[in-house]
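Let me begin by presenting the structure, written as structure tokens, before commenting on it.
2 protein chains.
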Amino acid sequence: MDLTTLFKVTYGMYIVSSKKGEKINAQLSNTVVQISPDPATMLISVSKNNLTHEFIEESGIFTISIVSNKCEMKDIGHFGFRTGRDFDKFKNSEYVLGKNGAPYIREKMIGYVECEVIRTIDSDSHTIFIGIVTDAATLNTDLEPMTYDFYRKELHGKLSKNATHYQEEK
Amino acid sequence: MDLTTLFKVTYGMYIVSSKKGEKINAQLSNTVVQISPDPATMLISVSKNNLTHEFIEESGIFTISIVSNKCEMKDIGHFGFRTGRDFDKFKNSEYVLGKNGAPYIREKMIGYVECEVIRTIDSDSHTIFIGIVTDAATLNTDLEPMTYDFYRKELHGKLSKNATHYQEEK
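These protein sequence lines are chains A and D, in that order.
For the first sequence, our numbering assigns the number 41 to the initial residue and increments by one for each residue that follows.
For the second sequence, our numbering assigns the number 41 to the initial residue and increments by one for each residue that follows.
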């Protein structure tokens, strides 16, 4: 069995945000798909180790910002490499609080999708959250989405140990 | 709410196959993601209208072939546009039966991932199948995966009414 085949599954790059009371947090993610068309529902898979996981469980909402390939590591890297437990990830980012109270970023982002959790599925190390889309908007129509492949090859983005497809170097 | 924002979510292209007794069938899909790393699990979303849905429910297995961007419409189109109810989709394709009994295609494909269903989640028009990976292999190491965006723009691929992100033209 050659599990490196799984690296050829295609993903985009996203910032998944949520809130807990007055606090906000977000994480970099590639595991975002639409699950059904009408009503539109989105699925994300989040590591139980992540603070955003705790926030989504608590608030029942999340927002997906679609990262464009104009983003550089300085725009998105801190959402992936650091934990929001001891660092305010939004300190140096201009953000907007959406209708659901979670933050999204306008600059260099394609758009955002706000979701309300309708189902939570335990999946060992990760939880699958399925959310119904409650709002969505395109912010920059001229940008193209960043793929995970681009993130790895062009930005030399590293893989978090909490990623859904993490494999130890052999 | 602008649901066209959802078109900017990035997907790859896959042939998802299954079996029912001696019968085999497959469909074109873009909704494939890895959900957790260890054990490796994959998630697919399949329209209840599709014959492959019936086959996966019955056999409890499915195989994902990862489509490369060397594929042309003649290689993959018939998996998307026609139903296996009145047409043998594999008639003109060279295929191999994997360990789980479902077919995969070698030519112009990057590799395949065999899965055994461990969870089935009802999602209105679609069913989410989560499968544990039972086998995987890379077939052509020099190929790059086809993205859904490439399929739409370069191959002028149409969107099935059963797709997870189908929206009526407005």
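Cβ atoms here follow ideal geometry from the backbone N, Cα and C, with glycine treated the same way.
In this text, all values refer to a predicted model and were calculated from it rather than measured experimentally.
- In terms of Cβ geometry, Ser69(D) and Tyr54(D) form a close pair [threshold 7 angstroms].
- Look at Glu156(A) here: in three-state DSSP terms it is strand.
- In this structure Met149(A) is not in contact with Ile101(A), their Cβ atoms being roughly 18 angstroms apart against a cut-off of 8 angstroms.
- The C-beta of His93(D) comes no closer than 7 angstroms to any C-beta of chain A.
- Cβ-Cβ separation between Leu46(D) and Asn65(D): approximately 28 angstroms, too far for a contact (criterion under 8 angstroms).
- Within the model, the alpha-carbon separation for His196(D) versus Ser108(D) is close to 16 angstroms.
- Against Ser85(A), the close residues of chain D are Val73, Gln74, Ile75, Ser76, Leu83, in the order they occur along the chain (beta-carbon pairs closer than 9 angstroms).
- For Met82(D) and Gly171(D), the gap between their C-alpha atoms comes out near 5 angstroms.
- Between the region 154-166 of chain A and the region 111-123 of chain A there are fewer than three inter-stretch CB-CB distances shorter than 8 angstroms, so the stretches are not counted as touching.
- For secondary structure counted as the beta strand (DSSP E) over 3 or more consecutive residues, the region 45-114 of chain D holds these complete runs in sequence order: 54-60, 63-69, 72-77, 80-87, 101-107.
- Annotation for Phe169(D): no alpha helix (DSSP H) segment contains it, though the beta strand (DSSP E) segment containing it runs 166-178.
- Chain A places no beta carbon closer than 7 angstroms to that of Val157(D), leaving this residue out of the contacts.
- Within chain A, no C-beta atom comes nearer than 9 angstroms to that of Ala66(D); the closest sits roughly 17 angstroms away.
- Note on Glu62(D): under 16 other CB atoms within 10 angstroms of its CB, so exposed under the neighbour-count rule.
- At a C-beta separation below 8 angstroms, Leu43(D) has these neighbours in chain A: Ala80, Val173, Ala176.
- Boundaries of the alpha helix (DSSP H) harbouring Lys193(D): 188-193, taken from the DSSP string.
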